[in-house]
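Structure first, commentary second.
2 protein chains.
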Amino acid sequence: MRVSSVEIDKAASILKLLGDKTRLTMVKLLNNHDCCVCEFVEIFKMSQPAISQHLRKLKDAGVVRETRRGQWIIYSLNQDNDYYPLVRTVLDHLPSQDNLLEELEEQGLRISCE
Amino acid sequence: MRVSSVEIDKAASILKLLGDKTRLTMVKLLNNHDCCVCEFVEIFKMSQPAISQHLRKLKDAGVVRETRRGQWIIYSLNQDNDYYPLVRTVLDHLPSQDNLLEELEEQGLRISCE
DNA sequence: TACTTATATAAGTAAATTATTATATATTAA
DNA sequence: TTAATATATAATAATTTACTTATATAAGTA
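Going line by line, the protein sequences match chains A and B. According to this note's numbering, the first sequence holds residues 9 to 122 in order. According to this note's numbering, the second sequence holds residues 9 to 122 in order.
Structure below.
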């Protein structure tokens, strides 16, 4: 198989980020749907600062991007970097987590609507 | 793409293990060559217990296997588990680290000879 | 047998990680 | 302008991690 190669230090740092269950699930979700912070707070039953801090790490590494939409900040997967293929292949090995968003939807708590 | 899927908790724990530069390099090397502990000690310029502890974690997770050959214990990649495809795809995104073994060879410090 | 070599384990420690609570900032709405 | 909502940041505490040194075990060799 021929795939783009990522410097080993950078790869290790990306894998470390993905090696946390919360962040890994976040990124898997973002692979299919953009999400805002408050949705993650609901999904993970975790404090808002905790969620913000996970997203900050992912953003600092370039894995995700943010854009403001009114009072919400919408996070999305950044497909525009050298190690996106690595991230993408990892995600391909994970089962869909979309049921988490469907539960939100049933509760009427879904915000971002792309 | 259709690939085998790994439970997200297990995937996170594997990625966490691979998210350390030393372990990631070890596993990348083991993908091509079996190695013993003392070789890793030379390669990483790290204490023998530090190396042993990294290998222990990889072994406990099922990523690597060990077999004794005389006084040496040879480590190899365990291709016989459900998440090997995940590990393998990650490794495919990394540049070869074989130069590290070549340097050993030049110093006459290579042990395992498969 | 005693010594050497290869490896593992145990105990201790410094640094990193992941959460928390408290507070600040920015947008929207009354 | 004031209040409410969404998010970020700061300070802090508990836990985990990745080393270190000291020691134990197991195999090979003189």
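We put the CB at the ideal spot given by N, CA and C, even for glycine. Owing to the predicted nature of the structure, the values given are computational and were not obtained by experimental measurement.
- With respect to the 8 angstroms criterion, LEU102 of chain B and ILE16 of chain A are classified as neighbours on the basis of their beta carbons.
- With a cut-off of 8 angstroms on Cβ pairs, the stretch 66-83 of chain A is in contact with the stretch 37-54 of chain A, counting three or more such pairs.
- If you draw a straight line from the Cα of GLU50 of chain A to the Cα of ASN107 of chain A, it is about 13 angstroms long.
- Sequence-distant partners of SER12 of chain A (beyond 5 residues in either direction) whose C-beta falls short of 6 angstroms from its own C-beta, in its chain, are PRO93.
- The three-state reading of DSSP puts ARG77 of chain B in strand, counting E and B together.
- Rounded to the nearest angstrom, the gap between the Cα atoms of TYR83 of chain A and PHE48 of chain A is 10 angstroms.
- Sequence-distant Cβ neighbours of LEU112 of chain A in its own chain, meaning closer than 8 angstroms and more than five residues away, are GLU47, GLU50, ILE51, ARG118.
- Using beta-carbon distances, LYS65 of chain B does not count as an interface residue toward chain A, since no partner is under 8 angstroms.
- Residues of chain A whose Cβ lies closer than 7 angstroms to the Cβ of PRO93 of chain B are, in chain order, HIS101.
- Counting along the chain, ILE59 of chain B sits inside the alpha helix (DSSP H) bounded by residues 56-68.
- Counting along the chain, the unbroken alpha helix (DSSP H) around ARG31 of chain A starts and ends at 29-40.
- Setting aside the 5 residues that flank it on each side, VAL95 of chain A is surrounded in the same chain by ILE22, LEU26, VAL35, VAL71, LEU85, each with a C-beta closer than 8 angstroms to its C-beta; the list follows chain order.
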